[in-house]
Ligand SMILES: Nc1ncnc2c1ncn2[C@@H]1O[C@H](COP(=O)(O)OP(=O)(O)O)[C@@H](O)[C@H]1O
Ligand SMILES: [Mg+2]
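Numbering (the numbering used here), first residue to last: 8 to 293.
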């Protein structure tokens, strides 16, 4: 898929293949093109070129049919403040043509998944940030979609609320819902996703399971070397000469693929997806 805005290529030849029943993550820094990708998958944005196939339906031509089998949680909270929790979900049940006789059950089920049954009569505006996110997810599930798109599902939430949402997403995955989620939180991708596509400037720079990505790009172990800026520059040069990848981590340097003897003194540590992310996107982690 390619999508340009003026002369900016927001999505630049991205290829995505999502197996049914898996949870796939689009991991990339802000501006990488994740939301634009999501919007093309729902027909909200039109690709300049490329083909998109969702559940055997060709987009954008069949996007209406595809949408009835997809649940979408947008990055921006677009809940109607004037509705109650129950109404917010009911409106979607009607919109997605859940048969009238099944609506009450479907709404209850969605509220149950979102663990909001006891808040059903409350106004949307009375909910906390975490509850609003759960409501957005519940609302997207009211028509029992086969595919769920989650665009940055935990952005801006505090760690405890985030891990609550991880529990919810993980249960959906266990129930066999096919999930495509975007995130710039590495830990989120590492915990929830079977496979991850790392995106940078509209392109996929790597694809694989978190384990595969780590093994391929960072190796099993990294050597973390602390020291003065001059010492760190020396270590960088030493590694570069030998073709080893490095990443800066504030006051230290990590030498990746440092499995054998590097001739350097430092602390050995297990590698992680953050190493891969920083290496491939050039982003620093706050
Ligand atoms: N409607 C738009 N008009 C112009 N530029 C846009 C629009 N939407 C996104 N962009 C640009 O496209 C790039 C990718 O944006 P986006 O898909 O939102 O990235 P992400 O979701 O990964 O943060 C950014 O440079 C952004 O500024
Ligand atoms: Mg986005």
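Each residue gets a CB set at the ideal place from its N, CA and C atoms; glycine is no exception.
Note that this is a predicted model, so its numbers are computed, not measured.
| Check | Outcome |
| --- | --- |
| Three-state secondary structure (DSSP) of residue 113 | helix |
| For residue 197, the three-state DSSP class (helix, strand or coil) | helix |
| Residue 161 versus residue 28 - alpha carbon distance | 21 Å |
| Whole-Å CB distance - residue 62 paired with residue 149, under 8 Å assumed | Contact doesn't hold; Cβ gap of about 18 Å is too wide. |
| Collapsed DSSP secondary structure at residue 215 in the structure displayed | strand |
| Span of the alpha helix (DSSP H) around residue 138 | 136-147 |
| Beta-carbon gap between residue 33 and residue 204 smaller than 7 Å | yes |
| According to DSSP, residues forming a beta bridge with residue 11 | 16 |
| Cβ-Cβ distance between residue 231 and residue 257 below 7 Å | no |
| The stretch 101-109 touching the stretch 128-136, judged by at least three CB pairs closer than 8 Å | no |
| Run of the alpha helix (DSSP H) containing residue 282, from where it starts to where it stops | 280-288 |
| Beta-carbon proximity check, residue 229 vs residue 263, cutoff 7 Å | yes |
| Other residues of its chain near residue 20: CB distance less than 7 Å, five sequence neighbours each side excluded | 9, 210 |
| Buried versus exposed call for residue 216 [16 or more other C-beta atoms within 10 Å across all chains shown] | exposed |
| Whole-angstrom distance between residue 196 and residue 241, CA atom to CA atom | 33 Å |
| Three-state secondary structure (DSSP) of residue 107 | helix |
| Buried or exposed by the 16-neighbour rule on C-beta atoms within 10 Å, applied to residue 71 | exposed |
| Simplified DSSP state of residue 242, which is helix, strand or coil | helix |
| Classification of residue 60 by the beta-carbon crowding that lies within 10 angstroms, buried from 16 upward | exposed |
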